[in-house]
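Following: one structure in structure tokens, then a few remarks.
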Amino acid sequence: MKRTNTQKLGEVIRDFFEDNTELYEKMMAIRIQRAWGEVLGPMVMQYTRNLYVRGDVLFVSLTSSVLRSELSMCEDRLLKSLNEYAGSTVIRKIVIR
């Protein structure tokens with residue numbers, strides 16, 4: 754017996770996320786939060802106090818003013834690296850506090 758209604762798993766997942774955009778956005782926000790630790794490493798995570806995504810903006814609270822100013826100067830490169838790690842353009846701006 755041959756199945757006539759078959760789809761590849763990737764297509765099924767893509768269709769699911771097209772129907773559930775809120776879930777997809779939450780998943781991408783989690784990817785960006787993980788990317789922060791992977792891209793910047795454990796030393797920066799040590800000084801990271803709060804990290805969350807709201808809309809297309811990443812909000813980061815740091816305990817080190819020196820690190821804050823260093824990351825602010827290379828914000829464009831950091832933005833590109835985080836989006837590349839996530840696999841798509843999730844964030845368009847980073848607010849470092």
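Per our numbering, the sequence shown starts with residue 754, numbered consecutively. Ideal placement from N, C-alpha and C gives every residue a C-beta, glycine not left out.
Task: C-beta atoms of I844 and V806 nearer than 9 angstroms - done: Against the sequence shown, residue 844 aligns to sequence position 91. Against the sequence shown, residue 806 aligns to sequence position 53. A distance below 9 angstroms separates the beta carbons of I844 and V806.
Task: C-alpha distance - D829 paired with E764, whole-angstrom precision - done: Start at 1 with the first residue of the sequence shown, and residue 829 comes out as number 76. Start at 1 with the first residue of the sequence shown, and residue 764 comes out as number 11. One C-alpha to the other measures close to 33 angstroms.
Task: Buried versus exposed call for N758 [16 or more other C-beta atoms within 10 Å across all chains shown] - done: Mapped onto the sequence shown, residue 758 falls at position 5. So N758 counts as exposed.
Task: Rounded separation between L824 and L815 - CA only - done: Looking up residue 824 in the sequence shown gives position 71. Looking up residue 815 in the sequence shown gives position 62. Cα to Cα, L824 sits roughly 10 angstroms from L815.
TODO: Please report the residue range of the beta strand (DSSP E) in which T801 lies.
DONE: Here residue 801 refers to the residue found at position 48 of the sequence shown. T801 -> beta strand (DSSP E) spans 801-807.
- [ ] Output yes or no for whether 9 angstroms exceeds the beta carbon distance between V738 and L835.
- [x] In the structure as shown, the chain begins at 754 and stops at 850. Residue 738 is therefore absent and cannot be evaluated.
TODO: Select from C827, E771, E775 the residue whose C-alpha is nearest the C-alpha of G808.
DONE: As a first step, residue 808 is located in the sequence shown; it is residue number 55 there, counting from the start. Nearest Cα to G808 within the set C827, E771, E775: E775.
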